[in-house]
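As structure tokens, the structure follows; a few thoughts come after it.
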Amino acid sequence: MATLSVAAVLAENARRRPDKEALVEGDLRLTFAEVWQRARAQAGALTGLGVRPGDRVALMAPNTADFPQAYYAIAAAGGVVVPVHLLLSSAEVEHVLRDSGATLLLCHPAQAETGAAAARETDVRMITLGDELAKLAADAEPLPSYVTRDADDPAVVFYTSGTTGVPKGAVLSHFNLVMNATVNAFDANDIRPDDVALGALPLFHAFGQTVSLNSTWRAGATLVLLPRFDAARAIELMVKEKVNTFHGVPTMFVALAAGARDADALPDLRVCVSGGASLPVAVLERFEEAFGAKIYEGYGLSETSPAAAVNQPVFGAKPGTIGHPLWGVDVEIARAEVEGSVELLPPGELGEVVVRGHNVFSGYLGRPEATAEALVDGWFRTGDLGTRDEEGFLRIVDRKKDVVIRGGYNVYPREVEEVLMRHPGIAQVAVIGLPDELHGEEVCAVVVPAPDAAPDAAEVVEWSKQHLGKYKYPRRVEFARDLPLGPSMKVLKRELRARYADR
């Protein structure tokens, strides 16, 4: 039986490069040896609190040093990490605690009120990160090393944002996460020990956790944490700490490209990775021009650890695509309308994106029916529509359920968004379908105007008409100060549909 632990990512660094700077947050600077020492002491405290291998421990914290320390402490004790989104209400946190069967909640003081309310309702013990955990760790016997686990044992349970009703727990194994971190660090990109990465993506989310935290440390590089993303602050911090690696979602790249104009100095970025949502080509161009750095756009889901495909230096990057599958992973296009089996399509055809490989999760916790629906013939069905071209580049066209059907024609919101993002008066846009008596659905663009711009609806419609096919251009344009974002910084289209449906 093969044994493995995510905790080895940190433990091995402490052994191989103990004095190397691992973690920077504000004035706090820790080496790998120091972070591992703290994690082992906290793991000793968790064991003292009764945490046994396989027990689920919820972790609710922003991007402060507390998060990685507690994360690796739980893993070292043999526990399963259940990261909790910071934007959840106490009732939603209750659902995560109940559904996951967590026996303990480690909660940052900033979230203590919400965490405590949920813990009370579910009879889960809560320990506050910071002073309370530090005191327990000081009194505990540090674990000599990590508790080893079977490679297929659960390591993390991610609650998917639940675009379809109630959030489900996606169970990822130690093997899933260690492989994804390793392949991201050494195959997808060339991450080097002297790199410095900015940790601005939420670590409670799969993208931030695997790509910013685990992959950076898998390569022995330094992680600089930014607890709250703000473009001016991020640029300033990247310059100060000589950050050369940035991982972000499209909304962050939009903000950084705009912020570059007012910055005194810009960082010298070598690796930029975008994921979490489709990156409009216009945003990619703006950012690359401002920073003189290339963006490698990738794609993944909580259920795929998360990285499944990314633009990689070895294959060259193609804007508007998500590149090629990761090393050891297959990403194919299957017939979307066939439910019970996976029928692969030839290059150029539009279908559902399906994934198989070392990154595919074990299933949804306690939900065999949902698991059986998602895992078909050894493939994970993503619910995204895409194509693959003759050179093997993959392209995500849209979520299956976001497609607008207007008068019998399929309109892919992403295609309309790409075009609208080139309008000089538009900073951000989300395209949705709204109920319409005549056409079934009507195309509506929700626009966030660019600073100092005041586009009017008729003008945007007219402009779209010149750049898009007859059935595709938005007949309705609504203006908003900002777009509603989920915890993973994706635009919540279901909220927009609800907001504008009855107007």
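Count along the sequence shown from 1, then add 48; that gives the number in the numbering used here.
All C-beta atoms in this analysis are idealised placements derived from N, C-alpha and C, irrespective of residue type, glycine included.
Sub-8 Å separation of residue i and residue j beta-carbons
i	j	result
Arg383	Glu391	yes
Gly247	Ser260	yes
Leu153	Gly163	yes
Val401	Asp432	yes
Glu463	Val477	no
Val494	Leu468	no
Val99	Ala125	yes
Glu485	Phe409	no
Val452	Val459	yes
Lys342	Ala306	no
Tyr347	Ala338	no
Asn111	Asn228	no
Local conformation of residue i per DSSP, three classes
i	result
Val427	The residue you asked about is not Val; residue 427 is Trp in the sequence shown. In the structure shown, Trp427 sits in a strand (DSSP, three-state: E or B).
Phe527	strand
Ser138	helix
Ser148	helix
Arg551	coil
Arg436	strand
Asp198	strand
Asp179	helix
Val494	strand
Leu97	coil
Whole-angstrom distance between residue j and residue i, CA atom to CA atom
i	j	result
Gly127	Ala203	7 Å
Glu345	Val272	21 Å
Glu489	Pro131	37 Å
Arg146	Thr170	7 Å
Glu362	Leu423	First, the amino acid is wrong: residue 362 is Val here, not Glu. Approximately 30 Å between the Cα atoms of the pair.
Gly371	Ala420	28 Å
Gly399	Phe206	26 Å
Val302	Ala325	13 Å
Lys288	Arg77	14 Å
Phe331	Thr299	Before going further, note that residue 331 is Val rather than Phe in the sequence given. Going by the C-alpha atoms only, they are around 9 Å apart.
Ile175	Ala158	13 Å
Pro66	Gln360	30 Å
Gly74	Asp235	31 Å
Ala528	Ala505	12 Å
Glu510	Asn237	42 Å
Leu136	Val508	35 Å
Residue i Cβ short of 7 Å to the ligand GDP heavy atom set
i	result
Ala308	No copy of the ligand GDP occurs in the structure displayed, which carries no ligand at all.
Among the options, the one whose alpha carbon lies nearest that of residue i
i	options	result
Glu526	Arg547, Lys513 and Leu533	Arg547
Ala56	Ala254, Phe223 and Arg104	Phe223
Gly102	Gly456, Ala233, Val195 and Val83	Val195
Leu249	Asn458, Asn262 and Ala498	Asn262
Ala106	Glu333, Val172, Glu438 and Pro328	Val172
Thr51	Ala199, Leu191, Ala121 and Val72	Ala199
Within-8 Å CB hit, residue i to chain C
i	result
Ala418	Of the chains in the structure shown, none is chain C; there is only one protein chain.
Practice item. Please go through the region 220–306 and give each complete beta strand (DSSP E) segment of 3 or more residues, from N-terminal end onward. Key: 244–247, 270–273 and 293–296
Review point. Which parts of the region 110–136 are runs of the beta strand (DSSP E), unbroken and 3 residues or longer, counting only runs that do not cross its ends?
Key: DSSP runs (the beta strand (DSSP E)) wholly in the region 110–136: 128–131.
Point to revise | Every unbroken beta strand (DSSP E) within the region 451–491, with a cutoff of 3 residues, ordered by chain | key: 452–454, 457–459 and 474–484
Review point. Taking only runs of the beta strand (DSSP E) that begin and end inside the region 373–433, which ones reach a length of at least 3 residues, in chain order?
Key: 377–382 and 399–405
Exercise for review: Run through the region 311–355 for me and flag every whole alpha helix (DSSP H) of 4 or more residues, listed as ranges in chain order.
Suggested key: 329–339
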